[in-house]
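Visitor: Converting from the sequence shown to my numbering requires adding 4 to each position, the first position being numbered 1. Each residue gets a CB set at the ideal place from its N, CA and C atoms; glycine is no exception. Keep in mind it's a predicted model, so treat the numbers as computed, not measured.
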Amino acid sequence: MINRLESEPISKLLIEYSIPAILGMVVTVMYSVVDTMFIGHRLGTESLAGVAMVFPLSRVSNSISVLISAGGGVLISIALGEKNKDKVKKILGNQIFLTLTLCLVIIVSQVLFLPYFLKGHDNNLKMVEEAISYGRVFLFCSFFNTVTLSFNNAIRAQGYPKLVLLTAVASSLTNIVLDYIFIFPLNLGVRGAAIASLIASILPLWMIAYFMSKNNRLMRIKLKDLKFDFKIIKNILKLGAATAIIPFANGALIGIFNMKLIVLGGTTAVAVYGIYMTIHSVVLMISSGISAGVQPIISHNLGAEKYFRVSEAIKIAVKSGTLISLGIFFLIQLFPGLIIKSFITDSETIELGIEALRYGFILAPVMIMTIMISGVYRAMGDAKKAFTYNFLRKVIIIFPIIFILPNILGIKGIWLARPISDLIALTIMLPALLKTIKKLNSKVEISTLT
5 MINRLESEPI
15 SKLLIEYSIP
25 AILGMVVTVM
35 YSVVDTMFIG
45 HRLGTESLAG
55 VAMVFPLSRV
65 SNSISVLISA
75 GGGVLISIAL
85 GEKNKDKVKK
95 ILGNQIFLTL
105 TLCLVIIVSQ
115 VLFLPYFLKG
125 HDNNLKMVEE
135 AISYGRVFLF
145 CSFFNTVTLS
155 FNNAIRAQGY
165 PKLVLLTAVA
175 SSLTNIVLDY
185 IFIFPLNLGV
195 RGAAIASLIA
205 SILPLWMIAY
215 FMSKNNRLMR
225 IKLKDLKFDF
235 KIIKNILKLG
245 AATAIIPFAN
255 GALIGIFNMK
265 LIVLGGTTAV
275 AVYGIYMTIH
285 SVVLMISSGI
295 SAGVQPIISH
305 NLGAEKYFRV
315 SEAIKIAVKS
325 GTLISLGIFF
335 LIQLFPGLII
345 KSFITDSETI
355 ELGIEALRYG
365 FILAPVMIMT
375 IMISGVYRAM
385 GDAKKAFTYN
395 FLRKVIIIFP
405 IIFILPNILG
415 IKGIWLARPI
425 SDLIALTIML
435 PALLKTIKKL
445 NSKVEISTLT
């Protein structure tokens, strides 16, 4: 089954692996979209702002999920390319070990210190109360999502991407149904939305355990595979750091944005940013889905020393990401009002939301290109470059912009901070990618001559 990655057309494999990955990731993030829609229409702007205040912490805990699952996913694909199944089991076992230690400790700490995190916003008690009610339940979703993502990467790398999609769809549908029941008929408010998300995050784990018990082809792990291995842990963290920097930095950025938005636009501006970040998450999942789909193709063929296929996979993935990003750009620029109205009915929030979407996604293709390039280097196992480029985008460039641009342009400066940062980063990252492709092509020529 795995040999298909070394022989079938790249475009066919990319479609087969990327579409389930994109749908799976978009479906996974739909709990956030549905939460935001139901809360906005049922509970109003202050509740929506309260949920938005939890976003920084949830992004930090999500970054730990990505750190563990993404780093392990690359190692698993390379190990499968080397036909080393025992190594795959050890990697997956160490991913679970990290989840039970690092991830759980961080989430519990966040829940305990949540009131202190929100202490500076006591001027709006309703918003703070809603944030605490939502966060104390919702933050635990990251623990179960981490385990699920770790297994998903292993399952996808073994040639079963549709199974990953099936569990994601089941989770999302469960979340939508429970969201409606808890928020509307049972009137449980934001806590009900958080409980729905928690139950939906547990479901995929049960489904994966069931399928693994029924399918002998799926790799299973035992207690002995959970043995701590410093070298594997180190490589997981080293490779995962490049991808994890995105949600971690996003958490810090959202926290800063929220503080500035309260000053510039009050609760309404924070609620709008919550809607913006929900839509941003969907766009991010689409680009991440393409990266996840091409990752086993690149990693496996790199392990098998098929450099021509690695080069072709990179080119096709980047072209595909560019085409999809153009579609997203035109959709948001042409119909921002329609998108915002699906989340809220308040006229003031809608007006500010239209401005946020148009400015915030004005360079959507550039954003997706930078994410794709970072994903390529992660798939190749080049942790240093992947981390450097993500750190460049999400820390070195954007943080100065956040503190300078709003002082010049006001609230518009906040919406434009991300696009400008991505544009600057792309001018550095694109030449590096072209150089990498050239090196791969030269390896192909050498191997052909020998």
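1. For the alpha helix (DSSP H) that G194 lies in, which residues bound it at each end?
2. Could you give the distance in angstroms between the alpha-carbon of I111 and the alpha-carbon of I206?
3. Within 8 Å, do at least three Cβ pairs link the region 44-58 to the region 267-283?
4. Do the region 356-375 and the region 422-429 meet, that is, are 3 or more Cβ pairs less than 8 Å apart?
5. I need the boundaries of the alpha helix (DSSP H) containing F101, first residue and last residue.
6. Give the DSSP-derived three-state secondary structure of A308 in the structure shown.
7. Can you tell which of V38, H45, P251 and K238 has the C-alpha that lies nearest to the C-alpha of R397?
8. If you check the beta carbons only, do S295 and L444 fall under 8 Å apart?
9. Return the CA-CA distance between R140 and K264, expressed in angstroms with no decimal places.
10. Going by C-alpha to C-alpha distance, which of P208, L129, P404 and Q99 sits closest to S176?
11. Drop a sphere of 10 angstroms on the beta-carbon of D39, count the other beta-carbons inside from all chains shown, and report buried for 16 or more, exposed for fewer.
12. Please report the distance separating the alpha-carbon of Y184 from that of K310.
13. With distance defined between alpha-carbon atoms, name the residue in L434, I237, V132 and P404 nearest to I318.
14. Taking only heavy atoms of the ligand PLP into account, decide whether any of them is closer than 7 Å to the Cβ of P423.
15. Measure the C-alpha to C-alpha separation of K130 and L9 and round it to an integer number of angstroms.
16. For L453, which three-state DSSP category applies?
17. Taking the alpha carbon of D90 as the reference point, which residue from G325, M211 and I236 has its own alpha carbon closest?
18. Considering only the beta carbon of each residue, do G456 and V70 sit closer than 8 Å?
19. Taking the straight line between their C-alpha atoms, what separation do you get for P410 and A253?
20. For the alpha helix (DSSP H) that contains M57, what are its first and last residues?
21. Nearest by alpha-carbon distance to I432: which of V370, K231 and P340 is it?
22. Taking a contact to mean a Cβ-Cβ separation below 8 Å, would you say I72 touches T103 in this structure?
23. Please report how far the alpha carbon of A200 lies from the alpha carbon of S446, in whole angstroms.
24. When you compare only the Cα positions, how much space is there between S36 and T282?
25. Taking C-alpha atoms, which residue in I14, G77, L338 and N128 lies nearest to T150?
26. With 16 as the cutoff for other CB atoms within 10 Å, does I344 come out buried or exposed?
27. May I have a chain-ordered list of the beta strand (DSSP E) segments no shorter than 3 residues that lie completely inside the region 353-413?
28. By alpha-carbon positions, which one of K94, S291, G417 and G357 ends up nearest to V380?
29. Under a Cβ-count criterion, where at least 16 other Cβ atoms within 10 Å of its own Cβ denotes burial, should V33 be classed as buried or exposed?
30. When you compare only the Cα positions, how much space is there between N156 and L116?
31. With burial defined as no fewer than 16 other Cβ atoms inside 10 Å of the residue's Cβ, what is the status of A198: buried or exposed?
32. What residue does the alpha helix (DSSP H) around Y164 start on, and which one ends it?
33. Distance check for A83 and V92, CA to CA, integer angstroms please.
Guide: Let's see:
1. Position 190 of the sequence shown, counted from the start, is the residue given in the question as residue 194. Checking the sequence shown, residue 194 turns out to be Val, not Gly. Going by DSSP, V194 is part of the alpha helix (DSSP H) stretching over G193 to K218.
2. Numbered from 1 along the sequence shown, position 107 holds the residue referred to as residue 111. Numbered from 1 along the sequence shown, position 202 holds the residue referred to as residue 206. I206 has its alpha-carbon roughly 16 Å from the corresponding atom of I111.
3. Yes, the region 267-283 touches the region 44-58.
4. Result yes; three or more Cβ-Cβ pairs closer than 8 Å.
5. Within the sequence shown, the letter at position 97 stands for residue 101. For F101, the enclosing alpha helix (DSSP H) starts and ends at K89 to L102.
6. To locate residue 308, count along the sequence shown from 1; it is residue 304. In the structure shown, A308 sits in coil (DSSP, three-state: anything other than H, G, I, E or B).
7. Taking the first residue of the sequence shown as 1, we reach residue 397 at position 393. Restricting attention to V38, H45, P251 and K238, the CA atom closest to the CA of R397 is found in P251.
8. Counting from 1 along the sequence shown, the entry for residue 295 is found at position 291. Counting from 1 along the sequence shown, the entry for residue 444 is found at position 440. Here S295 is not near L444, since their CB atoms are 8 Å or more apart.
9. Within the sequence shown, numbered from 1, the residue matching residue 140 stands at position 136. Within the sequence shown, numbered from 1, the residue matching residue 264 stands at position 260. In a straight line, the C-alpha of R140 is about 24 Å away from that of K264.
10. For this step, residue 176 is matched to residue 172 along the sequence shown. Nearest in C-alpha terms to S176, of all of P208, L129, P404 and Q99, is P208.
11. For the purposes of this step, residue 39 is taken as residue 35 along the sequence shown, with counting starting at 1. Of the residues assessed, D39 falls on the buried side of the cut-off, its CB having 16 or more other CB atoms within 10 angstroms.
12. Sequence index remark: in the sequence shown, residue 184 carries index 180 (1-based). Sequence index remark: in the sequence shown, residue 310 carries index 306 (1-based). When rounded, the distance between both Cα atoms is 50 Å.
13. For the purposes of this step, residue 318 is taken as residue 314 along the sequence shown, with counting starting at 1. Comparing Cα positions, the closest option is L434.
14. No copy of the ligand PLP appears in this structure; indeed no ligand is present at all.
15. Walking along the sequence shown from the start, residue 130 turns up at place 126. Walking along the sequence shown from the start, residue 9 turns up at place 5. Approximately 54 Å between the Cα atoms of the pair.
16. Start at 1 with the first residue of the sequence shown, and residue 453 comes out as number 449. With a pLDDT of only 48 at L453, under the threshold of 50, the placement of this residue in the model should not be trusted, and no figure is reported.
17. Within the sequence shown, the letter at position 86 stands for residue 90. Ranking the options by Cα distance to D90, first place goes to I236.
18. In the structure as shown, the chain begins at 5 and stops at 454. Residue 456 is therefore absent and cannot be evaluated.
19. In the sequence shown, counting from the first residue as 1, residue 410 sits at position 406. In the sequence shown, counting from the first residue as 1, residue 253 sits at position 249. Spanning the two alpha carbons is a distance of roughly 19 Å.
20. By 1-based counting over the sequence shown, the position of residue 57 is 53. First-last of the alpha helix (DSSP H) with M57: T49 to G85.
21. Here residue 432 is taken as the residue at index 428 of the sequence shown, counted from 1. Nearest option by C-alpha distance: V370.
22. Numbered from 1 along the sequence shown, position 68 holds the residue referred to as residue 72. Numbered from 1 along the sequence shown, position 99 holds the residue referred to as residue 103. Here I72 is near T103, since their CB atoms are less than 8 Å apart.
23. If you number the sequence shown from 1, residue 200 lands on position 196. If you number the sequence shown from 1, residue 446 lands on position 442. A200 and S446: Cα-Cα distance of roughly 52 Å.
24. For the purposes of this step, residue 36 is identified with residue 32 of the sequence shown, where counting begins at 1. For the purposes of this step, residue 282 is identified with residue 278 of the sequence shown, where counting begins at 1. Those two C-alpha atoms are separated by around 7 Å.
25. Along the sequence shown, one-based indexing puts residue 150 at 146. When only C-alpha atoms are compared, the closest one is G77.
26. Locating residue 344 in the sequence shown gives position 340, counting from the first residue. When all chains shown are included, I344 counts as buried.
27. Runs found: none.
28. Here residue 380 refers to the residue found at position 376 of the sequence shown. For the residues K94, S291, G417 and G357, the minimum Cα distance to V380 belongs to S291.
29. If you number the sequence shown from 1, residue 33 lands on position 29. When all chains shown are included, V33 counts as buried.
30. Here residue 156 refers to the residue found at position 152 when the sequence shown is read from its first residue. Here residue 116 refers to the residue found at position 112 when the sequence shown is read from its first residue. Near 30 Å, if we compare the C-alpha coordinates of L116 and N156.
31. Here residue 198 corresponds to residue number 194 of the sequence shown, with the count starting at 1. Buried, since its Cβ has 16 or more Cβ neighbours within 10 Å.
32. The residue given as residue 164 occupies position 160 in the sequence shown. Note, Y164: premise wrong, no alpha helix (DSSP H); not H, not E.
33. Numbered from 1 along the sequence shown, position 88 holds the residue referred to as residue 92. Numbered from 1 along the sequence shown, position 79 holds the residue referred to as residue 83. C-alpha separation (whole angstroms): 6 Å.
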